[in-house]
Amino acid sequence: MDFEKHQNLHTIVMLRDVIRKWWQVELSFADRNGVVHDWQRGDFIPPPNDFCRHSLGAREGMRRCAQSVRVLHEKFKAAKNLRRALFHDCHLRLSIVGAPLYIRNEYEGFLFVEGFARQPLIPGDGQVLMTKMRDIAPGALLELEGAAERVPVLDGSELSKLSDLLEFAVTEIANQEVELTRKEETIQSMASELSNRYRFEKIIGRSGAMNEVFRLMEKVAHSDSTVLINGESGTGKELVARAIHHNGPRKDKPFVVQNCSAFNDNLLESALFGHTRGAFTGALKDKKGLFEVADQGTFFLDEVGDMSPALQVKLLRVLQEGTFLPVGGTHSREVDVRVIAATHKDLGEMVKRGEFREDLFYRINVIRLQLPPLRERKDDLPVLIDHFLRKHHREGQRARGLAPEALGILGAYAWPGNIRELENEIERLLVLGGELETIPAELLSSRIRDAVVPGGGPFIAPRAHGKLHEAVESLEKEMIHQGLVRTRYNKSRLSRELGISRSNLLLKISRYGLDKGIPEGMENDEAEA
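Position one of the sequence shown corresponds to residue 1 (UniProt numbering), numbered consecutively onward.
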């Protein structure tokens, strides 16, 4: 066992102070082999007892002291069920008292105190000590005149107190070791749970667009290349970034997140790169930046398109050289961080307008992931609804699904807030209608109903049989058909009303065979003006 990690345990610090103050002796630790590593390294506080101090300072004296400790060690090993303190007289005929340390019933060594007498020394005892020291450190004899009178004396009651303290201390260390092990097991369990939670197959989506995203994620997860995730707000950019991290070689290292639009320039610079004491008003001490926190791990920079030109330069330096300068600092820090950036903006267009550095754009755009908005992956809507119904279901709620009309309206809605908006809506529906077996369309948010059924007019009810995705497709086909008739086949206008791109609308028209019913003269763009 590594005793060093317990040196700062409050119990050990307090015990050292107490025994120094009360008995003028030092606390030491011997490992499971009876070895006192502090003595071997010469890294120990010289004991107040002059005889012990000179003995430990001489080669022969150190050998004899170590041999005396091993005798006590053998006593502990011979009495495997012993959990109390034992005494032993050392080579100087002074006393050692130690308490055995057991971690999960395994012997790990003992705490001990040495170099005291159990009764006042008489003149003859002093002569014996001087004789023994003549063989160990003859050059120290002049310094040892009168030293016998300064040897600490612990009578029966004092020894009992010291023994109790040592036994209490080893119990505290054993408890601390068990607690550390429990925490390590918890951390490992949480790491395993996180890796399981962010497996690619845990991300909801089976549409063609999402399958393309999954294929690319699998390829980039095991590389260290910078990734740029493009997508509207609410499409799951952070979820994808976490999945890439937890499926890659850095999964056991930190995953750090910072939204670049959350702070002004000064605060964001301090958050990213840290600051030194006195760098600005209120900087009372040095503070690590998030890049330093993310060292060896992954840093997810959300909304990187909102970063100012000045900070873009500093980010570029980190990406190119792996170094940065804290605010107010004079020495560069070096880090090894994988960066995953995300934005809802078109960085290419921003580069053309001079709003984003071209060199930084190419540096973060090594691999690009385009997340489709929910309106372009309607095939995933049924499974997403089912997932969120199960996720937010609470004990006592009866709701197991939505009414066909409610599903139809949700399927026809454009979802400008994407998956985040859908999840919030499902959670809201469970709160309002959780006591019902089936949640009706009347409980849907008014903004969704009004967007799908303007003016509160009649809604085209989907069929109430068959598979859910087939019902949604049936509704979608009917809405597009009626929309074409209503807009006199103006596909540009209809795509705006439905909240989808014109190219996506054309694909759906072809998919449902609605292009066959377009009247003559209304097939091309000129007829739509």
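C-beta atoms are modelled at their ideal positions from N, C-alpha and C, and glycine is treated no differently.
Just to confirm before moving on: does the CB-CB distance between residue i and residue j stay below 9 Å?
i, j, result
"residue 399", "residue 422", "no"
"residue 126", "residue 25", "no"
"residue 111", "residue 166", "yes"
"residue 207", "residue 391", "no"
"residue 260", "residue 224", "no"
"residue 34", "residue 69", "yes"
"residue 272", "residue 324", "yes"
"residue 418", "residue 234", "yes"
"residue 471", "residue 513", "no"
"residue 449", "residue 228", "no"
"residue 53", "residue 90", "no"
"residue 385", "residue 347", "no"
"residue 480", "residue 505", "yes"
"residue 343", "residue 230", "yes"
"residue 51", "residue 144", "yes"
With distances taken Cα to Cα, identify the nearest neighbour of residue i among the options.
i, options, result
"residue 80", "222, 99, 255", "99"
"residue 388", "170, 203, 62, 14", "203"
"residue 356", "315, 68, 470", "315"
"residue 339", "242, 134, 235, 53", "242"
"residue 129", "155, 153, 93", "93"
"residue 85", "476, 121, 164", "164"
"residue 393", "436, 211, 154", "436"
"residue 478", "503, 496, 134, 508", "508"
"residue 251", "382, 329, 337, 304", "337"
"residue 102", "156, 122, 170", "170"
"residue 135", "58, 88, 104", "58"
"residue 23", "380, 97, 6, 205", "97"
For the alpha helix (DSSP H) containing residue i, name the first residue and the last one.
i, result
"residue 86", "Here residue 86 belongs to no alpha helix (DSSP H); instead the beta strand (DSSP E) covers 86-89."
"residue 343", "Premise fails: residue 343 lies in the beta strand (DSSP E), 338-343, not in any alpha helix (DSSP H)."
"residue 388", "381-391"
"residue 13", "10-23"
"residue 228", "First-last for residue 228: 227-230, but that is the beta strand (DSSP E), not the alpha helix (DSSP H)."
"residue 119", "It is not in any alpha helix (DSSP H) - residue 119 carries neither H nor E in the DSSP assignment."
"residue 81", "No alpha helix (DSSP H) holds residue 81; DSSP gives it neither H nor E."
"residue 504", "502-511"
"residue 332", "No alpha helix (DSSP H) contains residue 332, which DSSP labels as neither H nor E."
"residue 45", "Neither: residue 45 is in no alpha helix (DSSP H) and is coded neither H nor E."
"residue 352", "347-352"
"residue 203", "No alpha helix (DSSP H) holds residue 203; DSSP gives it neither H nor E."
"residue 217", "208-221"
"residue 412", "404-412"
"residue 422", "418-433"
Just the Cα atoms here: how many angstroms apart are residue i and residue j?
i, j, result
"residue 257", "residue 313", "20 Å"
"residue 447", "residue 300", "33 Å"
"residue 254", "residue 297", "5 Å"
"residue 397", "residue 440", "15 Å"
"residue 288", "residue 275", "7 Å"
"residue 213", "residue 178", "44 Å"
"residue 309", "residue 350", "12 Å"
"residue 245", "residue 372", "21 Å"
"residue 232", "residue 268", "23 Å"
"residue 42", "residue 61", "13 Å"
"residue 194", "residue 401", "Only weak support is given to the placement of residue 194: the predicted model assigns it a pLDDT of 48, under 50, and the value that follows is read from those uncertain coordinates. Using only the alpha carbons, I get a separation of about 29 Å."
"residue 248", "residue 218", "9 Å"
"residue 366", "residue 317", "16 Å"
"residue 458", "residue 412", "Note that residue 458 scores 49 on pLDDT, short of 50, meaning its location in the model is unreliable and no value can be drawn from it."
"residue 162", "residue 19", "8 Å"
"residue 32", "residue 172", "18 Å"
"residue 198", "residue 238", "Confidence is the limiting factor: at residue 198 the pLDDT is only 48, short of 50, which leaves the residue's position unreliable, though a coordinate-based value still follows. In a straight line, the C-alpha of residue 198 is about 11 Å away from that of residue 238."
"residue 511", "residue 433", "36 Å"
"residue 291", "residue 133", "59 Å"
"residue 341", "residue 293", "17 Å"
"residue 106", "residue 78", "14 Å"
"residue 364", "residue 226", "6 Å"
"residue 322", "residue 333", "8 Å"
"residue 486", "residue 404", "25 Å"
"residue 489", "residue 406", "27 Å"
Assuming residue i contacts residue j (C-beta within less than 8 Å), just tell me the rounded distance between them.
i, j, result
"residue 117", "residue 151", "5 Å"
"residue 109", "residue 30", "5 Å"
"residue 17", "residue 28", "At roughly 15 Å, the Cβ-Cβ gap does not stay under 8 Å, so residue 17 and residue 28 are not in contact."
"residue 500", "residue 375", "5 Å"
"residue 270", "residue 335", "So it is not a contact: roughly 16 Å between Cβ atoms."
In the DSSP assignment, find the unbroken beta strand (DSSP E) run with residue i in it and report its ends.
i, result
"residue 107", "106-116"
"residue 102", "95-103"
"residue 28", "27-31"
"residue 300", "298-302"
"residue 367", "367-370"
"residue 258", "255-259"
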